[in-house]
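Take a look at the structure set out below.
In this note's numbering, the protein residues as written are 703 to 771.
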């Protein structure tokens, strides 16, 4: 398994554990932490979308025509 995949799995498992903890305890601090993570993720979605979109055509002759800046 690639290192990046392992890191993503670790991050996901942390989210799941925090969500489970919140559901069991109703600890508002955990919910606020999860909401904070989600807002950071949402702010990064545009950057990730641009990166993913530009990576696909990079190896094609259409890269300069269709890339997003």
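Glycine included, C-beta positions come from ideal geometry on N, C-alpha and C.
Worksheet entry | Segment limits, alpha helix (DSSP H) that includes residue 749 | Here residue 749 refers to the residue found at position 47 when the chain shown is read from its first residue. 730–757 is the span of the alpha helix (DSSP H), which, as asked, contains residue 749.
8 angstroms Cβ cutoff met for residue 720 and residue 732:
By one-based count along the chain shown, residue 720 stands at place 18. By one-based count along the chain shown, residue 732 stands at place 30. With contacts defined by Cβ atoms closer than 8 angstroms, residue 720 and residue 732 form a contacting pair.
message: For a quick check, are the C-beta atoms of residue 739 and residue 717 less than 8 angstroms apart?
response: Here residue 739 refers to the residue found at position 37 of the chain shown. Here residue 717 refers to the residue found at position 15 of the chain shown. Against a cut-off of 8 angstroms, the Cβ pair of residue 717 and residue 739 comes out as a contact.
DSSP three-state label for residue 762, please. Position 60 of the chain shown, counted from the start, is the residue given in the question as residue 762. In the structure shown, residue 762 falls within a coil segment according to DSSP collapsed to helix, strand and coil.
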